[in-house]
Amino acid sequence: MWAFPFRLRPTYASKFLPKPGYSCVVLSTHALRINLDTREEETLLNFEVPVRSFTKLDGVKSEHALCVVSGNSNKNAIITRLVNRYAFLGDISSARITFNQIQKKDAYLWNSMLAAYVRRGSYNEALECYRQFLLSSDVQPDFYTFPPLLKACRSLSDGKRLHCMVLKLGYEVDVFVSASLVHLYSRNGLLDIARDIFDCMPLRDMGSWNAMLSGYCQNENAYEALDILYSIKSEGLKMDSVTICSVLPMVAQLNDVLSGLMIHVHIIKHGLEFDLFVNNALINMYAKLGHLADGQYIFDCMVTKDVVSWNSMIAACEQNNDPITACWLFRRMLSVGEKPDLLTMVSLASAVAQVNDSQSALVLHCYCTRRNWLSDGIVIGNAVMDMYAKLGNLNDAKKVFDCLPAKDVISWNTLITGYTQNGLASEALEAYWLMEKCEYVSPNHGTWVNVLPACAALGALKEGMRFHGLVTKNGLFADVFVGTCVVDMYGKCGRLDYAMSLFYKISRISTVPWNAMISCHGIHGHANQCVELFEEMLDAGVQPDYITFVSLLSACSHAGLLDKGKLYFQMMKEKCGLKPGLKHYGCMVDLLGRAGHLEEAYQFIKDMPIHPDASIWGAVLGACRVHGNAELGAFASERLFEVDSDNVGYYVLLSNIYASAGKWELIGDVPTVDYSEMKHQPGYIINQGFKNTCNCGIFLKRE
DNA sequence: CTAGGGTTAG
2 MWAFPFRLRP TYASKFLPKP GYSCVVLSTH ALRINLDTRE EETLLNFEVP
52 VRSFTKLDGV KSEHALCVVS GNSNKNAIIT RLVNRYAFLG DISSARITFN
102 QIQKKDAYLW NSMLAAYVRR GSYNEALECY RQFLLSSDVQ PDFYTFPPLL
152 KACRSLSDGK RLHCMVLKLG YEVDVFVSAS LVHLYSRNGL LDIARDIFDC
202 MPLRDMGSWN AMLSGYCQNE NAYEALDILY SIKSEGLKMD SVTICSVLPM
252 VAQLNDVLSG LMIHVHIIKH GLEFDLFVNN ALINMYAKLG HLADGQYIFD
302 CMVTKDVVSW NSMIAACEQN NDPITACWLF RRMLSVGEKP DLLTMVSLAS
352 AVAQVNDSQS ALVLHCYCTR RNWLSDGIVI GNAVMDMYAK LGNLNDAKKV
402 FDCLPAKDVI SWNTLITGYT QNGLASEALE AYWLMEKCEY VSPNHGTWVN
452 VLPACAALGA LKEGMRFHGL VTKNGLFADV FVGTCVVDMY GKCGRLDYAM
502 SLFYKISRIS TVPWNAMISC HGIHGHANQC VELFEEMLDA GVQPDYITFV
552 SLLSACSHAG LLDKGKLYFQ MMKEKCGLKP GLKHYGCMVD LLGRAGHLEE
602 AYQFIKDMPI HPDASIWGAV LGACRVHGNA ELGAFASERL FEVDSDNVGY
652 YVLLSNIYAS AGKWELIGDV PTVDYSEMKH QPGYIINQGF KNTCNCGIFL
702 KRE
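Listed below in structure tokens is the structure:
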């Protein structure tokens, strides 16, 4: 049995060195700090390293380092302290200059330089430094060398090589070294190896437990993570801030509000509520759980905020449908002097798209381009592209896409989604074909849920069938969304038989597949099948939602099932507790109108709790055209021109109503669009088209 | 001189 190494944590002299307004004096036995204003002296600490010379360390510039070193017999000790000080201040080049001044470096000095690189995130430089360390054959790496070095290993093969070195030198007995190994393996998903090392540790400090726990949390192993949490408790240890930061994202992912609240209580009970990381994690958790106000409260209470706090809050607003606040927070962030980073822009891009602000979109794009962020990583490029696509600006989205330094599945999916969402189904398929040619990207679930609807929109059955094959091959048919898209594609392409048989092969716990199937039957006018499916859905215990009723009511209106439609509308309000939206009211007006109950439809609109939009009045107008009610038609069109004066179709409808009622003199009263103002607008061509349609539609008929 | 933690499409 070997003895477990036990080391005291040294007090860091570097903490006490330079400070504005003070002069530091380092004596052989202790260090002094003199306040330059009051001349008061303060003893800082006793050094374990003898420093013979009288030294002033009043600044942090490298010249001072030189002045310290000159004539000092214990250069290594001073240099090492300076390297650490520079590392603490983030001045890596000064640290390196200072480091290079010593020819005969000891392990302590090498370790300091290594740690300085790792602290800055310069991992490759750290590994290079280690290589030089090994080459300088006179000294060996020690316990302190490996933990930062293992953190610097981005690739598993480097990590394994270091692991061998650790074993060769017998350093696996160190708590920090083995905890770093645990972390290395769990970060790379090799949880079994990590667990083996963890289990072999004879002593575990909080850091070891946290390393194992974060491994489980990040690899979505909730069960094992809980087990570790339980063990921590039974060892008599308490969750510290790091434990909490690992666990909170998992709590959010499991949508476990109760555990989240319990951890929040723990935080307050143990005085961790002032920890920056803990607060940031709490904001993120509450945002993911949809409790925006709680996140906002934490954010407002935070005394010190960093860029991550701002980013988290902006993302929280953006993800909880409050893009206006997200934009406002961004302005606040700038005004308090916090520098936005790449991830700020990722969230902001999404917020800008949600508020539909093309001007800001351009500004944001320029902001990122100026900082060269678009060539740095794909994440921000994808976000900017998505923003343009959501604003309907596919040209710029494509331009950003073409300029991306590398394209991943998300880039391709964003482009394809952009096309699909903007009704450009054939462009979406073309983009998919280009994607298929790239060997290094393979389509995923996000690809199929866009490509299949594109096929459905185009009626491209043959392509759709090919995609169905690929989906099955990749085992993605089992995914509810992908499976539903396949069913929907067959349904929309007219193969309701295939759609139905596949429908019964997918999981029908959620409303998604039911809605798709009901809508497909509705589109083909099979209202009775819709009703049957709906009843079946209720029998299966699936609670219908907003979309279910849109499909169902629209099927009823197309088939003229007046009573059924009314029944389901009541059912939605009373039994299902759903508040009808504009779409539902639209269906009902259409239903009443088509059945010729124009007065009832009008009464229905008057009783609506929400303001009717163009689609509602459009439905009335259409019904007036069919049933020849010129008076109500005129009234409806007045309302219509108030809300949507540019839509050509409505003018045509009104003209036709007058024409069929024989009221030719009124056709001149149909308001026309003032083209002079519209010449520069995208709708101009369409409106010009309207002029001809109106004339042809009416006057040819008369002759 | 050492670990462990946070934000990324649909």
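For the working numbering, add 1 to where a residue sits in the first sequence, where the first one is 1. Idealized CB from N, CA, C, for every residue including glycine.
Just mark C218 as buried or exposed, buried being the case when its beta carbon has 16 or more other beta carbons within 10 Å.
-> buried
Status (buried if at least 16 other CB within 10 Å, exposed otherwise) for Y224 = exposed
Pull up the distance between the alpha-carbon of A556 and that of C521, whole angstroms please.
-> 10 Å
Inter-residue Cα distance where the pair is M263 and Q254 | Between the C-alpha atoms of M263 and Q254 there is a straight-line separation of about 16 Å.
Secondary structure of I510, DSSP reduced to three states = DSSP, read as helix, strand or coil, puts I510 in coil.
What are the start and end residues of the alpha helix (DSSP H) that includes Y109?
-> From DSSP, the alpha helix (DSSP H) with Y109 extends over A108 to R121.
Going by other Cβ atoms of all chains shown within 10 Å of its Cβ, with 16 needed for buried, is Q355 buried or exposed?
-> buried
Terminal residues of the alpha helix (DSSP H) in which S209 lies | M207 to Q219
Who are the near neighbours of A66 in its chain, counting only those whose CB is closer than 6 Å to its CB and skipping five residues on each side?
-> Only weak support is given to the placement of A66: the predicted model assigns it a pLDDT of 36, under 50, and the question is left unresolved by the model.
Contacting residues, own chain, Cβ-Cβ under 6 Å from N322 (five flanking each side not counted) | none
Straight-line CA distance for V472 to K239?
-> 47 Å
Cβ contact (3+ pairs, closer than 8 Å) linking the stretch 514-534 and the stretch 482-493 | yes
Beta-carbon contacts of D397 that lie in its chain and below 8 Å, excluding the five residues immediately before and after | H366 and Y389
Residue from V452, L290 and L330 whose Cα sits closest to the Cα of F300 = It is L330.
Applying the criterion that 16 or more other CB atoms from any shown protein chain within 10 Å of the CB defines a buried residue, is V364 buried or exposed?
-> exposed
If we count the other Cβ atoms within 10 Å of its Cβ and call it buried at 16 or more, is D295 buried or exposed?
-> buried
Under a three-way DSSP split, which group does L238 fall into?
-> coil
Where I269 and L375 are concerned, what is the direct C-alpha to C-alpha distance, given to the nearest angstrom?
-> 41 Å
Who are the Cβ neighbours of V70 in its own chain at under 7 Å, not counting the five residues just before and after it?
-> Note that V70 has pLDDT 39, beneath the 50 cutoff, so the model's placement of it is unreliable and no number is given.
Could you give the distance in angstroms between the alpha-carbon of Q141 and the alpha-carbon of I325?
-> 58 Å
How is the alpha helix (DSSP H) around G619 delimited, first residue to last?
-> A615 to H628
Sufficient close CB pairs (3 or more, under 8 Å) joining the stretch 208-217 to the stretch 174-191 = yes
In the stretch 175-206, which residue ranges form an unbroken beta strand (DSSP E) of at least 3 residues, counting only runs that do not cross its ends?
-> none
Range covered by the alpha helix (DSSP H) that runs through M281 = What sits at residue 281 in the sequence shown is Asn, not Met. L277 to K289 is the extent of the alpha helix (DSSP H) around N281.
Would you check if there are 3 or more beta carbon pairs closer than 8 Å linking the stretch 423-432 to the stretch 368-387?
-> no
Proximity of A620 and G594 at Cβ, strictly below 8 Å | yes
The alpha helix (DSSP H) with E758 in it runs from where to where?
-> Residue 758 lies beyond the stretch modelled for the chain, which goes from 2 to 704, so this question has no answer here.
Report the rounded CA-to-CA distance for S552 versus Y569, giving the unit in angstroms.
-> 11 Å
DSSP three-state assignment for N373, whether helix, strand or coil | coil
Determine, using beta carbons only, whether C494 and G460 come nearer to each other than 8 Å.
-> yes
Does the beta-carbon of L344 have 16 or more other beta-carbons within 10 angstroms, so that it is buried, or is it exposed?
-> buried
Could you have a look at C302 and say whether DSSP puts it in helix, strand or coil?
-> helix
Range covered by the alpha helix (DSSP H) that runs through G582 = Per DSSP, G582 is not a residue of any alpha helix (DSSP H), being assigned neither H nor E.
Exposure label - P444; buried when at least 16 CB within 10 Å | buried
Return the residue from the list N394, D591, E437 and R205 that minimises the CA-CA distance to F177.
-> Cα-wise, what sits closest to F177 is R205.
Less than 8 Å separating the beta-carbons of L230 and V243?
-> no
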